[in-house]
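Input: a single structure, listed below in structure tokens.
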Amino acid sequence: MKKKVKKIFQSNEPYIFLIIIILGIVVQIRSGQFFTGNNIVDLLSAMIVPGLFAIAEFMALISGGIDVSFPALASLSAYATTKILLDKGYEGNVFLAFLIAVLIGALLGAINGYFIGYLNLNAMIVTLGTSSIFQGFMQGTLRANQLSVIPQGMKKFGTDSFITATNKVNGLSSVLPYTFLILIIVCALMFFVLRYTIFGRGIYAIGGNALSAHTAGFNVKRTKFIMYIIIGMIASIGGICRVCMMQQCHPTNMLGMEMNIIAGVVLGGVALTGGAGTLTGCMLGTFLIILVQNSMILLGIPTTWSDVFVGLVIVIGVSLTALQSSRTSRSKKKAVKEGA
Amino acid sequence: MNKAKSIYRKNPEVSRLLIIMLLWLIFMMFTQAEKFFTGRNFLTMAGQFPEYGLMALGGMLCMITGGIDLAVVGTANMASILSVYTMIHFFGEDGTMPMAFSVVIFLIAVLTGVVVGSINAFLISKLGVPPILATLGVNEFLTGLCIVVTNGSAVSSFPKQYCDFFSGNFLGFIPRRLIVFIVVAIIIWLMLEKSTYGTKLRLYGTNAHVAKFSGINTTALLFRTYITSSICAALGGLMMLATYSSARADYGSNYTMQAILLIVLGGVSPNGGKGKISGVITAIVLLKMIESGINRFRSVSTYYVTLIWGAVLILALVIDYFSQKPKKTK
Amino acid sequence: MSQSLLKAEHVKISFGNVHALRDVSLEILPGEIHCLAGENGCGKSTIIKIISGVYQRDGGTIEFDGKKLEKISPIDAINMGIQVIYQDFALFPNLTVAENLALNTELASRKKTVSWKNVRKIAEEAVAKINFDVDLDEKVEKLSVAQKQMVAISRALMSNARLIIMDEPTTALTKKEVNSLFKIILKLKEQGIAILFISHKLNEVFEISDRFTIFRNGEMVATGSTKDLDDKKFTYYMTGREFNDQIFVPENMSEKPVFELKNLTLEGAFEAINFSLRRGEILGITGLLDSGRTELALSMFGLKPADSGEILKEGTPIKITNPRDAIEHKIGYVPEDRLSEGLFLTQSIGDNIIISEIDKLKKKNGQFDLKKRDEEIKRWVAELEIKTKNPDNPATTLSGGNQQRIVLAKWLACNLDVLILNGPTVGVDIGSKHDIHMVLQKLAKQGLGVIIISDDLPEVIQNCNRVLVIKNGKIRSEYDTQKVSEQMIIDDMM
């Protein structure tokens, strides 16, 4: 039992969780507003899109790759979907939007997957390149501009309330839209896939040792290919959720999100070298960054300071992780010595 | 034919880019000769690339170590904002700045570079933080600071003598920004090819562990590398200041990716250990030509530039893949 | 006549213009321990890959269990009961022991989902076969090398193996671990499983195998019963050369020590180490893998600075807190693991040679003196007879022996007083090993103080004039190598 507890504290998750709790208490003390229904709801709804992106990035990192193209990919597929539906004057519900976006996402993800999986090219460079291509295609070929009107179904989906929480003190109420359910579903689904399917274990295996994965009988190329397709699909779902929640489609305002997402996932204990990390950690790390960004006002700090604090959290967080990992490797050596 | 092959083999990264460049120039000759092939066009191009070109030159060094510098844009904006506030502090919002004061401006940039570079290098070499995360965090932090001091808006009321001078030309036709770029490029070339630094850098990038075992002062090496990169970025910021004639926290936000793209396209391996300045400079010139060429076509959206940049990057990788393949099966 | 389990005859394969295997034959009887030996590049690994279906042969016949096999795919090989345990074990460091053990079975079952209950059951069965006691939920990266090997063996046994091929399984094991590995091998033999044991360590071949086969340059040069083999024959078959190994006798030893340790201690690794080394001497330090010998080497070179005690150079105390200090005081270190600690594999041979003296190759104005660089490279390539056409080629183009020479050259170029070598001939061919020994002896005679840290006892006895035995971080004994037997040292080590 003791051993199990020790094992848990060797990973990042409990520390991140602790930091989140401490931060919450600090905000609560300063403002008395943290543990209010509407604040929690605000935080959860801010988590939806980054959470989806984080799940996508998580897979890429676990396999030993990286994806910096997902914001461009999501922007392109969300924009194209919205545009198509608007042009056709579509009035139905949101499912068609998700369906189209997922198809486009799969197609775009397949481009990444082909180059990274089948040609075995460096994932960072490939996605850097495709990111440029997707963005260029969206703004050049599709001549994307801001769409301030979006189809009825999407609009409704983004505003309909799943949970509404009202703050009794100031009377502010916040709405958690149904998109939150999408995050929960995707998260649960990917948890299942990564833990209980051969495909999911293949992603871990490839991240641990791609060569052994090949000799063990995994189809490494195909696994990577399919994985990038799934990443494209999840990113596109994130894109549509964003459009629905913002009630408009802005082609470029998701661009540049990739770095904070990667930082969040890594803060949660996912190794850049591949193979190591859990979905829980990934979500906690992402949540920490959202929390810092969203707690500025409650703490009475002008929002202009938000980047400063997020930057600090990243720097301090990754420094501690680095220090901790060098310490455990040292203490491990010592333990071996003592055992001998 | 064989001779051409051996030249290609000797420096495949540069040759590859030169071939693409040649094809592009031929294409432009048939389509837009009179507009593209003018001295003025080439000079305009030469005045535009130093901003991100400088960032790419410095970032190249980091990538040869197997690291990366994602803090270039934050550093650049920090330097330009600090410079602007210094000008305002000494000469007022609408005063005149004596040209000699430019030296101070450059000193500010260098100093910014030294500070930022040291922070990056400290995180990477002393704490063992992966470079991608260390510089990413620092970038976010710097951008944040820039937003805080400027309140998020552009600062454009300040003495413009500096901007006028550096957006102008030397001898009436050579852009002064190009001269800054060339000077920095020569310094980096000397560092890489004519001093022991270059060899140490490449060897460190191949295997940091062995470098330590061989007695290389790896900490000093990383400090030197990241400081150089940050100074280059800060100088890039000064060039941006000259172009825009104002400073703002989020100028050039896509230059990070652009700089990395240029470095990789120039044949620097992201795994470290390999890279030449000639490759990166060729990449800078090539991409500028493509960008400028596309802009000659009225009907084509300028956004196609981004698309083509990405396509060129992937094309270069794919060419590399297929040209190396037969060697492997042997 | 007993029916052979595996019979490969006149097997050929070439890659491009390189004939990796010209004509080799290999016969393995059921339930025997067969040792395959040969120098690096002789075709040992190639034949394994042909048998296990990774490569397809260009000619020759292979029979398994009396059946002629035309084409072998990796799956065929596994289904027939052929299992290979590679040197890196092909494990997944980030996954648990249980999952590593069960993954192959799960994959083979062609199911799409994983049942963790099933994984555990498979894993428990697997470790039970060799009574391997391990925490199944531990991640493999946290295990010791020997434990990882046990995981690999357990995994191999799961699929009703009839022939297990072990590729140099003892390289990273301590003596104790080797002994327990041998016990397991013998147990497998009892169960009727044949073992093909790849090694170039003479004593292991004698200790464990029933029969042997030796390859050289892609050809089979000898095969037979191990009983009929002796030292001399073994070396001759391996190399095609005969060596007269010279026992090292120091000449021109200096009066005063060049290098001394006084009470050097590093907590958890070694304590109160005292010795002195004179110029012209070769001092051996030996001990088990976990005796603290490697940490001692690292401390002397500044990679793991000692907690207390003194290091003296020419009688004056010096501080060594990093490798640069050591180099400054003319102390060099040839690391244990040449590939991951000693060489920049993808960089040029030349740069590898000059890197440690690079700061001395500057012109007065601070520029890199490229002419001097090239002269140095030329000099050391010639001096150590490094076999290369062009020193601009990457170090990967060289054989293990020549690579080790680069590492030596790198240090000699620094004009050292003291050279510390940790396992200088691990993974080096017998031929190159002999040459490296000769180089070291010559250097000592020229006035270099040499420390060889090694558990290759014949190497230590032959090349050192004194030997220190370390056990549990303390010096247990010191011997004159002329007056000591291997057994005496082993008794002290254990």
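Protein chains in written order, with my numbering: chain A, 527 to 866; chain B, 980 to 1309; chain C, 10 to 503.
For every residue, glycine included, the Cβ atom is placed at its ideal position computed from N, Cα and C.
Closer than 8 angstroms to chain C by CB, B:Leu996: no
For B:Leu1182, return the contacting residues in chain C, with the cut-off set at a CB-CB distance below 7 angstroms. Phe353, Gln356, Asp360 and Ile364
Which one of A:Val675, A:Ser601, A:Ala604 and A:Asn565 has the shortest CA to CA distance from A:Asn825? As written in the sequence, residue 825 of chain A is Leu, which differs from the Asn given in the question. Cα-wise, what sits closest to A:Leu825 is A:Asn565.
Between which two residues does the beta strand (DSSP E) carrying C:His43 extend? Ile42 to Ala46
Can you check which of these residues, C:Leu112, C:Ile329, C:Asn431 and C:Met159, is closest to C:Ser189 by C-alpha distance? C:Met159
Does the region 801-815 of chain A touch the region 1134-1154 of chain B, meaning 3 or more C-beta pairs lie closer than 8 angstroms? no
Run through DSSP, which three-state label would B:Leu1200 get? helix
Kindly indicate the opening and closing residues of the beta strand (DSSP E) around C:Glu147. Counting along the chain, C:Glu147 falls outside any beta strand (DSSP E), and DSSP gives it neither H nor E.
Can C:Leu78 and C:Pro39 be called in contact, C-beta distance under 8 angstroms? no
Would you please state the rounded distance, in angstroms, between the beta carbons of A:Glu784 and A:Phe596? I believe it to be under 8 angstroms. 6 angstroms
Using CA coordinates, which residue listed in C:Asp444, C:Tyr246 and C:Glu290 is at the minimum distance from C:Asn261? C:Glu290
According to a CB-to-CB cut-off of less than 9 angstroms, which residues of the region 763-781 of chain A neighbour chain B? Leu781
Does the beta-carbon of B:Lys1253 have 16 or more other beta-carbons within 10 angstroms, so that it is buried, or is it exposed? buried
Whether A:Ser762 touches A:Leu654 by CB criterion (8 angstroms): no
List, in chain order, every chain A residue whose beta-carbon is nearer than 7 angstroms to that of B:Ile1126. Thr830 and Asp833
So if DSSP puts A:Leu702 in a beta bridge, which residue, or which two residues, is it bridged to? A:Ile689
Sequence-distant residues of its chain with Cβ nearer than 7 angstroms to C:Arg250 (five each side left out): Gly440
Hey, quick one: how far does the alpha helix (DSSP H) through B:Asn1056 stretch, first residue to last? Val1051 to Phe1070
Roughly how many angstroms lie between the CA atoms of B:Gly1216 and B:Phe1301, to the nearest whole one? 38 angstroms
Starting from C:Arg485, follow the beta strand (DSSP E) in both directions and report where the run begins and ends. Lys483 to Asp489
Buried or exposed: which applies to B:Trp1288, given that a residue is buried once 16 or more other Cβ atoms fall within 10 Å of its Cβ? buried
C:Leu425 versus chain B: which residues are under 7 angstroms apart at the beta carbon? Correct list: empty, because the minimum Cβ distance to chain B is about 12 angstroms.
Residue ranges of each alpha helix (DSSP H) run of no fewer than 4 residues wholly in the region 306-372 of chain C, ordered along the chain? 332-337 and 358-363
Does any C-beta atom of chain B lie closer than 8 angstroms to the C-beta of A:Gln850? no
Quick one, which of C:Leu321, C:Ser208, C:Thr274 and C:Ile461 has its alpha-carbon nearest C:Lys313's? C:Thr274
B:Pro1305 - DSSP class collapsed to helix/strand/coil: With a pLDDT of only 44 at B:Pro1305, under 50, the local geometry of the prediction cannot be trusted, and the value read off the model is given with reservation. Of the three classes helix, strand and coil, the one that applies to B:Pro1305 here is helix, per DSSP.
Along the region 1268-1279 of chain B, what residues have a CB closer than 7 angstroms to any CB found in chain A? none
For the beta strand (DSSP E) that contains C:Thr232, what are its first and last residues? Glu228 to Ser234
Under a CB-based cut-off of 8 angstroms, is A:Asn619 close to chain B? no
Nearest residue (CA-CA) to A:Leu587, options A:Val796, A:His776 and A:Ile815: A:Val796
Using a Cβ-Cβ cut-off of 8 angstroms, state whether A:Gly803 counts as contacting chain B. no
Selection from B:Leu1214, B:Ser1224 and B:Leu1296 that minimises the alpha carbon distance to B:Gly1053: B:Leu1214
Are the CB atoms of B:Gly1184 and B:Gly1045 nearer to each other than 8 angstroms? yes
Suppose the cutoff is 6 angstroms on Cβ atoms and the five residues either side in sequence are ignored; what does the same chain contact list for C:His446 look like? Asn472
Select from the region 1227-1257 of chain B all residues with a C-beta closer than 7 angstroms to any C-beta belonging to chain C, and list them in chain order. Gly1252
Does any residue of chain A bring its CB to less than 8 angstroms from the CB of B:Glu1119? yes
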